[in-house]
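Novice:
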Amino acid sequence: MKNSLCAPGEDVAIVFARVPVPGRVKTRLIPRLGAERACALHAACVGDVAELVERALPAARKWLFWSEAPGPEFSLGELGLPGSFGFALQSGLDLGERMGRALEQALASGAARVLLVGSDSPTLPAAH
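Take the numbering used here: the final residue in the sequence shown is number 120, and no numbers are missing along the way.
#1: Could you give the first and the last residue of the continuous alpha helix (DSSP H) run that contains D40?
#2: Roughly how many angstroms lie between the CA atoms of A52 and M91, to the nearest whole one?
#3: Measuring only the C-alpha atoms, how far is D112 from P23?
#4: For P114 versus C31, is the C-beta distance shorter than 8 Å?
#5: What is the DSSP secondary structure of G92, reduced to helix, strand or coil?
#6: Of the choices H120, P50, L99 and S101, whose alpha-carbon is the least far from that of V109?
#7: Look at the alpha carbon of E96 and the alpha carbon of A(-1), and state the distance between them as a whole number of angstroms.
Right under this line is the structure:
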């Protein structure tokens, strides 16, 4: 399934996130928390949203779409993501275009249904 997010008829869940790099995420919180703690908060949010998606949609194909390619300073193991997640890169000029392209890619792969959620909603009730 090269360039395919799923097999035809499968459900797809996509989590959008920025790569957790100190000084580049949660920048509005840096004055209060510092770059390292703000980054740790972001990484925790990404992990929590991934766990929420895993629990709520166990049968769906799950993808984490990064804002950019992770660099050597990033360790995927630090996030503690469920092993069921694949990884892809967002593409587009702004958030709306990037979301639209991810949805189009999933639907073009034959997805029956697609959920796209951001990483800033770790307490979002699964029912929503």
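For glycine and all other residues, C-beta sits at the position ideal for the given N, C-alpha and C.
Specialist: The short version:
#1: A27 to A48
#2: 18 Å
#3: 19 Å
#4: no
#5: helix
#6: Of the candidates H120, P50, L99 and S101, H120 places its Cα closest to the Cα of V109.
#7: 15 Å
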